Amino acid sequence: MTGNKKRSGKNIVLAGFMATGKSAVGRRLAKRLGRRFVDTDRLVEKETGLKVREIFERRGEDYFRDRESEVVASLEKYTPGSLVVAAGGGALNREANRKMLKKHGLLILLTADPQTIIKRASLSPGKRPLLETADPEARIKTMLEERKQAYSACDTSIDTTGRDIESIVDEIIKYLEDR
Ligand code: S3P
Numbered sequence: 031m032t033g034n035k036k037r038s039g040k041n042i043v044l045a046g047f048m049a050t051g052k053s054a055v056g057r058r059l060a061k062r063l064g065r066r067f068v069d070t071d072r073l074v075e076k077e078t079g080l081k082v083r084e085i086f087e088r089r090g091e092d093y094f095r096d097r098e099s100e101v102v103a104s105l106e107k108y109t110p111g112s113l114v115v116a117a118g119g120g121a122l123n124r125e126a127n128r129k130m131l132k133k134h135g136l137l138i139l140l141t142a143d144p145q146t147i148i149k150r151a152s153l154s155p156g157k158r159p160l161l162e163t164a165d166p167e168a169r170i171k172t173m174l175e176e177r178k179q180a181y182s183a184c185d186t187s188i189d190t191t192g193r194d195i196e197s198i199v200d201e202i203i204k205y206l207e208d209r
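Counting the sequence shown from 1 gives a position; the numbering used here is that position plus 30.
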């Protein structure tokens, strides 16, 4: 990328299902672009002083979603175009969040097949309460179907199945350059 040519005041928002690589890719992408990286889950944890799983256990999902919406709204305080954002897998479900993220951001959907999601999620056990079920594959398929419309708000998508982080980052940077 040549200088700030392609920044165009837009944050880069990585969206998509759990365990599709948003945080790992986002961290690396931010480093390569010299931007600040923020992860909505981590911001919710910072605000509440609780881990995501503790919030689900003690306060329930609605409470988590309200905190997540507050965090998304709070991103307005950063200079547009200065951020790479990893949005929690359900963050696009609410229309207000989609609008807010799209207002200052280019939305890149990361995807992966259900088996890959299960495998990656198993590497960090206890982190994704919504996948703690007897049949995670069925749960994933149902949730993907439910979220189809929300995820369709994204500007482009990248299938991360079988890919390493650096090649995904390369692809995103190329996409930004070619726009
Ligand atoms: C969720 C995804 C999680 C986290 C919470 C709910 C979801 O974030 O926000 O467990 O509803 O898809 P990641 O997508 O970063 O795993």
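Note that beta-carbon positions come from the ideal geometry of N, C-alpha and C, so glycine has one too. Model, not experiment: these values are computed from the prediction.
Residue burial classification, residue i (beta-carbon count within 10 angstroms, cutoff 16)
{"i": "L153", "result": "exposed"}
{"i": "K69", "result": "Checking the sequence, you will find Asp at residue 69 rather than Lys. Looking at its Cβ environment, which holds 16 or more other Cβ atoms inside 10 Å, D69 is buried."}
{"i": "K52", "result": "buried"}
{"i": "A54", "result": "buried"}
{"i": "K40", "result": "buried"}
{"i": "R88", "result": "exposed"}
{"i": "G135", "result": "buried"}
{"i": "G192", "result": "exposed"}
Candidates the options, of which the one nearest residue i by Cα
{"i": "R158", "options": "L113, T50, G79, L44", "result": "T50"}
{"i": "L137", "options": "D96, L206, Y93, R62", "result": "L206"}
{"i": "S182", "options": "L63, R62, T141, R89", "result": "T141"}
{"i": "I42", "options": "G192, E196, T186", "result": "T186"}
{"i": "G118", "options": "D71, T191, K204", "result": "D71"}
DSSP-derived helix/strand/coil call for residue i
{"i": "G135", "result": "strand"}
{"i": "N41", "result": "strand"}
{"i": "L63", "result": "helix"}
{"i": "S53", "result": "helix"}
{"i": "T78", "result": "helix"}
{"i": "S187", "result": "strand"}
{"i": "D194", "result": "coil"}
{"i": "L122", "result": "coil"}
{"i": "A116", "result": "strand"}
CB-CB length for residue i against residue j, believed under 8 Å
{"i": "L73", "j": "G56", "result": "Not quite, the Cβ-Cβ distance comes to about 13 Å (not below 8 Å), so this is no contact."}
{"i": "M48", "j": "I188", "result": "The Cβ separation is near 16 Å, so there is no contact."}
{"i": "E167", "j": "P144", "result": "5 Å"}
Any beta strand (DSSP E) of 3 or more consecutive residues that is wholly inside the stretch 132-179: 135-141
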